[in-house]
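Visitor: One structure, as structure tokens, below. Some questions next.
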Amino acid sequence: MDVKSGLSREVFLNRAGAAGLNTDDPHMEALYAHLQRVLPSLQAIWELDVTDAEPVTPLISGKEGAR
Amino acid sequence: MNSIEICYFSVGQLGRLIRRKKLSPVEVVEAHLQRIESLEPTLNSFLTLLSDEAMRAARKAEREIRAGQYRGPLHGIPFALKDLYYVKGIRNTSGTKIFDTFVPSYDSTVAARFKQAGAILLGKLNMHPLAYGPTGENMDYGPMHNPWNPELITGGSSGGSGSAVAAGQCPLAMGSDTGGSIRIPGALCGIVGFKPTYGRLSRYGVVPLAWSQDHAGPMARTVEDCALTMNALAGYDPKDATSLNVSLPNFVSGLNRGVEGLRIGVIKEFFDGPIDPEVKEVVTTAIGRLRKLGARVSEISWPMVRYAMAIASTIQMVEATACHNQLIRVHGHELDSVVRLRLESGFFIPATDYVQSQRARTVFYNQSLEVFKKVDLLAGPTLPVTAFKIGTTEKRVDNQVMNVIPLLTQYTRPFNLNGFPAITVPCGFSGEGLPVGLQLAGRPFDETSVLRAAHAYEQATEWHRKQPPL
Numbered sequence: 021m022d023v024k025s026g027l028s029r030e031v032f033l034n035r036a037g038a039a040g041l042n043t044d045d046p047h048m049e050a051l052y053a054h055l056q057r058v059l060p061s062l063q064a065i066w067e068l069d070v071t072d073a074e075p076v077t078p079l080i081s082g083k084e085g086a087r
Numbered sequence: 004m005n006s007i008e009i010c011y012f013s014v015g016q017l018g019r020l021i022r023r024k025k026l027s028p029v030e031v032v033e034a035h036l037q038r039i040e041s042l043e044p045t046l047n048s049f050l051t052l053l054s055d056e057a058m059r060a061a062r063k064a065e066r067e068i069r070a071g072q073y074r075g076p077l078h079g080i081p082f083a084l085k086d087l088y089y090v091k092g093i094r095n096t097s098g099t100k101i102f103d104t105f106v107p108s109y110d111s112t113v114a115a116r117f118k119q120a121g122a123i124l125l126g127k128l129n130m131h132p133l134a135y136g137p138t139g140e141n142m143d144y145g146p147m148h149n150p151w152n153p154e155l156i157t158g159g160s161s162g163g164s165g166s167a168v169a170a171g172q173c174p175l176a177m178g179s180d181t182g183g184s185i186r187i188p189g190a191l192c193g194i195v196g197f198k199p200t201y202g203r204l205s206r207y208g209v210v211p212l213a214w215s216q217d218h219a220g221p222m223a224r225t226v227e228d229c230a231l232t233m234n235a236l237a238g239y240d241p242k243d244a245t246s247l248n249v250s251l252p253n254f255v256s257g258l259n260r261g262v263e264g265l266r267i268g269v270i271k272e273f274f275d276g277p278i279d280p281e282v283k284e285v286v287t288t289a290i291g292r293l294r295k296l297g298a299r300v301s302e303i304s305w306p307m308v309r310y311a312m313a314i315a316s317t318i319q320m321v322e323a324t325a326c327h328n329q330l331i332r333v334h335g336h337e338l339d340s341v342v343r344l345r346l347e348s349g350f351f352i353p354a355t356d357y358v359q360s361q362r363a364r365t366v367f368y369n370q371s372l373e374v375f376k377k378v379d380l381l382a383g384p385t386l387p388v389t390a391f392k393i394g395t396t397e398k399r400v401d402n403q404v405m406n407v408i409p410l411l412t413q414y415t416r417p418f419n420l421n422g423f424p425a426i427t428v429p430c431g432f433s434g435e436g437l438p439v440g441l442q443l444a445g446r447p448f449d450e451t452s453v454l455r456a457a458h459a460y461e462q463a464t465e466w467h468r469k470q471p472p473l
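As they're listed, the protein sequences go chains A and B.
Numbering-wise, the first sequence is residues 21 to 87 according to my numbering.
Numbering-wise, the second sequence is residues 4 to 473 according to my numbering.
This is the structure in structure tokens:
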């Protein structure tokens, strides 16, 4: 298990296969390394308090923005 | 007037000369085609050049104008499109050889509205493959080169749009902006790049990257030119599900109102992070200029902006992967290696992360509106750096080494996440003679205030008149 990304090589290969990627491709090493760098930086989203916030698009169709 | 002078006239100037029949669309198009031919070996701005078609259209425009059938300020004006705007019968590569021979069978709404306005398409512009990258590098068709120093990046993904406009190859181009792709090359190439409110310009027939953050927008050498373009292109489009049926201002008529009394908030957080000291100084001076022009400038804190990168990136990664799902599986090995990695990464974002990001986006949007209760506009640097060498993957800024993707997108992404209008306007140069951009952002659908302040600044300075040493 990689400490930073929480994505073990085994899980990585399973997900890659499920996504239809060729897990025998040597490129998988580069992808795994890339994910180790990128995924930890995204975890900041879990520091935010989203209580009562629903996942909506940023604008409501047909209405002007607040002024 | 000689052909170089013609190539550095703004859209507004060209339009006025054409309307008064002091200049013919044929002369204008010829001058630009010559300029393109002479500079393409250096800049590589274009992927498809439409010389014959443009000349035919110019002759038609000339005939119409002589016959008193003047259509408006874009009639007879040459322009170019980033190579992801569909034009019926013209190949559309999206910046990758995978689509080298793909020819769409219909017009994007933007292309159709340009045709209606009588503008003349010169060609399709080079871009970062699939619009997925902020540097303007392209291994399939070759990198775009910055007119201020061809060894340096243009920025991306609308890099060809940035270089072509800055170099006088065309007075106006369209870019697209998912994380800053209009404003980044705008700032690095020393031109104006305008991203309107999400939903304001139709994206029908524009190859998507991340649907909920993709914006279409103009790139030109003056703010007035962007406003003129908005007048021609904006308006509800039922073919685009995200197009909004909202009242339509005249984007030009308020340009000269100045900034007297406008409340401008300077985003504290944009100056806290790693930023080139020269850029910081140039942008600070530019904001000082806005104050002298009568704006009420104050510092403002926007704490959640620090999270914009993580929220926006999570959403973008998932949407881009979903959008290009089939392409990745079938053609992944043919893609630019970094674009391929970024596209494949979206497969590894859990659905719970995506939903958490969408919820965080709601919070971010609401906080953005709160910020705009205190001010009318936000101001800051478009980028923390000036253009750097093609091929650079990491850069040291303020003693911190950063990957170039987050480095270039950190100040632009927040306005893709909330969808608010934002512009970059040239505000000075570094000691090495490289352009610096000032970013101004406004409330949703208040493009006129953004354009008005940018125009006031531009008209009080000379930066937009500088020409690259080509």
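C-beta: ideal position from N, C-alpha, C; glycine also.
1. Any beta carbon of chain A sitting closer than 7 Å to that of serine 205(B)?
2. Do glycine 193(B) and alanine 167(B) have their CB atoms nearer than 7 Å?
3. Leaving aside the five residues before and after proline 76(B) along the sequence, list all residues of the same chain whose C-beta is less than 6 Å from its C-beta, in chain order.
4. Residues of chain B with CB closer than 9 Å to the CB of leucine 41(A), please, in chain order.
5. So, is the C-beta of isoleucine 318(B) closer than 7 Å to a C-beta in chain A?
6. Using C-beta distances below 7 Å, list every residue in its chain close to tyrosine 207(B), excluding the 5 sequence neighbours before and after it, in chain order.
7. DSSP three-state call for serine 184(B): helix, strand or coil?
8. Looking at the unbroken beta strand (DSSP E) that takes in threonine 505(B), where does it start and where does it end?
9. Evaluate contact between the segment 410-421 of chain B and the segment 362-373 of chain B, counting only Cβ atoms and requiring at least three cross-stretch pairs below 8 Å.
10. For lysine 295(B), is the classification buried or exposed, using 16 other Cβ atoms within 10 angstroms of its Cβ as the cut-off for buried?
11. Check whether the Cβ atoms of lysine 392(B) and glutamate 154(B) sit closer than 7 Å, and answer yes or no.
12. Under the DSSP definition of a beta bridge, which residues are partnered with glutamate 302(B)?
13. For proline 174(B) versus valine 14(B), is the C-beta distance shorter than 7 Å?
14. In the DSSP assignment, what are the bridge partners of phenylalanine 82(B)?
15. So, do the segment 464-472 of chain B and the segment 429-444 of chain B have three or more beta carbon pairs nearer to each other than 8 Å?
16. Flag this pair as yes or no: are the beta carbons of threonine 427(B) and glycine 189(B) separated by less than 7 Å?
17. Check whether the segment 455-462 of chain B touches the segment 223-230 of chain B, taking contact to mean three or more Cβ pairs, one atom from each stretch, closer than 8 Å.
18. By how many angstroms is the C-alpha of proline 199(B) removed from the C-alpha of phenylalanine 273(B)?
19. Are alanine 120(B) and arginine 59(B) close, meaning C-beta to C-beta below 7 Å?
20. For chain C, find out if any of its Cβ atoms is closer than 7 Å to the Cβ of proline 75(A); answer yes or no.
21. Rounded C-beta distance between leucine 124(B) and alanine 57(B)? I'm assuming under 8 Å.
22. With distances taken between CB atoms, is the gap from arginine 186(B) to threonine 385(B) smaller than 7 Å?
23. Could you round the C-beta distance between methionine 320(B) and serine 348(B) to whole angstroms and report it? I think they count as a contact, below 8 Å.
24. Run through the DSSP bridge pairs and tell me what proline 221(B) is partnered with.
25. Serine 179(B) and alanine 237(B) - do their beta-carbons sit closer together than 7 Å?
26. Quick one: Cα of glutamate 397(B) to Cα of valine 341(B), how far?
27. In whole angstroms, what is the alpha-carbon distance linking valine 58(A) and asparagine 328(B)?
28. Does any C-beta atom of chain A lie closer than 7 Å to the C-beta of tyrosine 310(B)?
29. When you check each C-beta in the segment 353-377 of chain B against every C-beta of chain A, which residues fall closer than 7 Å?
30. Against alanine 313(B), what residues of chain A qualify as contacts under a CB-to-CB distance less than 7 Å, listed in chain order?
31. With DSSP as the reference, label glutamine 470(B) as helix, strand or coil.
32. How is the alpha helix (DSSP H) around glutamine 361(B) delimited, first residue to last?
33. Considering only the alpha carbon of each residue, which of Arg399(B), Val262(B), Lys91(B) and Ser304(B) lies closest to isoleucine 278(B)?
34. So which residues of chain B does leucine 68(A) contact, with C-beta pairs closer than 7 Å?
35. Assuming valine 2(A) contacts alanine 363(B) (C-beta within less than 8 Å), just tell me the rounded distance between them.
36. Could you confirm whether any beta carbon from chain B is found closer than 7 Å to the beta carbon of glycine 37(A)?
Guide: By the coordinates alone:
1. On the second sequence, residue 205(B) is found 202 positions in, with the first residue counted as 1. For serine 205(B), the answer is no, since every Cβ of chain A falls outside 7 Å of its Cβ.
2. Looking up residue 193(B) in the second sequence gives position 190. Looking up residue 167(B) in the second sequence gives position 164. Not a contact, by the Cβ cut-off of 7 Å.
3. Position 73 of the second sequence, counting from 1, holds the residue named residue 76(B). Here the set comprises Gly18 and Leu231.
4. Within the first sequence, the letter at position 21 stands for residue 41(A). In chain order: Ile331, Arg332, Gly335, Glu347 and Phe350.
5. Position 315 of the second sequence, counting from 1, holds the residue named residue 318(B). With 7 Å as the cut-off, isoleucine 318(B) does not count as an interface residue toward chain A.
6. For the purposes of this step, residue 207(B) is taken as residue 204 along the second sequence, with counting starting at 1. Only Ser111, Thr112, Asp240, Lys242 and Asp243 meet the Cβ criterion.
7. What you label residue 184(B) is simply residue 181 of the second sequence in a count that begins at 1. The answer is coil: DSSP assigns serine 184(B) none of H, G, I, E or B.
8. The shown model of chain B, from 4 to 473, leaves out residue 505(B), and the question about it has no answer.
9. yes
10. If you number the second sequence from 1, residue 295(B) lands on position 292. The residue in question, lysine 295(B), is exposed, as its Cβ has fewer than 16 Cβ neighbours within 10 Å.
11. As a first step, residue 392(B) is located in the second sequence; it is residue number 389 there, counting from the start. As a first step, residue 154(B) is located in the second sequence; it is residue number 151 there, counting from the start. Yes, these two residues count as a Cβ contact at 7 Å.
12. Taking the first residue of the second sequence as 1, we reach residue 302(B) at position 299. DSSP output for glutamate 302(B) lists Val269(B) as bridge partner(s).
13. Reading the second sequence from its first residue, position 171 is the one you call residue 174(B). Reading the second sequence from its first residue, position 11 is the one you call residue 14(B). Yes, these two residues count as a Cβ contact at 7 Å.
14. Here residue 82(B) refers to the residue found at position 79 of the second sequence. DSSP lists Leu124(B) as partners of phenylalanine 82(B).
15. yes
16. For the purposes of this step, residue 427(B) is taken as residue 424 along the second sequence, with counting starting at 1. For the purposes of this step, residue 189(B) is taken as residue 186 along the second sequence, with counting starting at 1. Yes, Cβ-Cβ distance for threonine 427(B) and glycine 189(B) is below 7 Å.
17. yes
18. As a first step, residue 273(B) is located in the second sequence; it is residue number 270 there, counting from the start. As a first step, residue 199(B) is located in the second sequence; it is residue number 196 there, counting from the start. In a straight line, the C-alpha of phenylalanine 273(B) is about 21 Å away from that of proline 199(B).
19. Here the question's residue 120(B) lines up with position 117 in the second sequence. Here the question's residue 59(B) lines up with position 56 in the second sequence. No, Cβ-Cβ distance for alanine 120(B) and arginine 59(B) is not below 7 Å.
20. Here chain C cannot be found, since the structure's protein chains are A and B.
21. Numbered from its first residue, the second sequence carries residue 124(B) at position 121. Numbered from its first residue, the second sequence carries residue 57(B) at position 54. Contact holds; Cβ gap of about 7 Å.
22. The residue given as residue 186(B) occupies position 183 in the second sequence. The residue given as residue 385(B) occupies position 382 in the second sequence. Yes, the pair counts as a contact, with Cβ atoms nearer than the cut-off.
23. Against the second sequence, residue 320(B) aligns to sequence position 317. Against the second sequence, residue 348(B) aligns to sequence position 345. Indeed they touch by this definition, with Cβ atoms about 6 Å apart.
24. Position 218 of the second sequence, counting from 1, holds the residue named residue 221(B). In DSSP, proline 221(B) forms a bridge with Met177(B).
25. Sequence index remark: in the second sequence, residue 237(B) carries index 234 (1-based). Sequence index remark: in the second sequence, residue 179(B) carries index 176 (1-based). Contact: no.
26. One-based indexing of the second sequence puts residue 397(B) at position 394. One-based indexing of the second sequence puts residue 341(B) at position 338. Their backbone Cα atoms lie some 13 Å apart in a straight line.
27. For the purposes of this step, residue 58(A) is taken as the residue at position 38 of the first sequence. For the purposes of this step, residue 328(B) is taken as the residue at position 325 of the second sequence. So the two alpha carbons sit approximately 20 Å from each other.
28. Start at 1 with the first residue of the second sequence, and residue 310(B) comes out as number 307. Answer yes: the Cβ-Cβ gap between tyrosine 310(B) and chain A drops below 7 Å somewhere.
29. Asp356, Val358, Gln359, Ser360, Gln361, Arg362, Ala363, Arg364, Thr365, Val366, Tyr368 and Leu372
30. Here residue 313(B) refers to the residue found at position 310 when the second sequence is read from its first residue. Residues of chain A passing the Cβ test: Ser61, Leu62, Ala64 and Ile65.
31. In the second sequence, residue 470(B) corresponds to position 467, counting from 1. DSSP places glutamine 470(B) in coil when its eight states are reduced to three.
32. By 1-based counting over the second sequence, the position of residue 361(B) is 358. Taken as a continuous stretch (DSSP letters only), the alpha helix (DSSP H) holding glutamine 361(B) covers 354-377.
33. In the second sequence, the residue the question calls residue 278(B) occupies position 275. Selected option, being the one with the closest Cα: Arg399(B).
34. Stepping through the first sequence from its first residue, residue 68(A) is reached at position 48. Within 7 Å Cβ-Cβ: Tyr310, Ala363 and Val366.
35. Absent from the structure is residue 2(A), since the part of chain A shown begins at 21 and ends at 87.
36. Here residue 37(A) refers to the residue found at position 17 of the first sequence. So no, glycine 37(A) is outside the interface.
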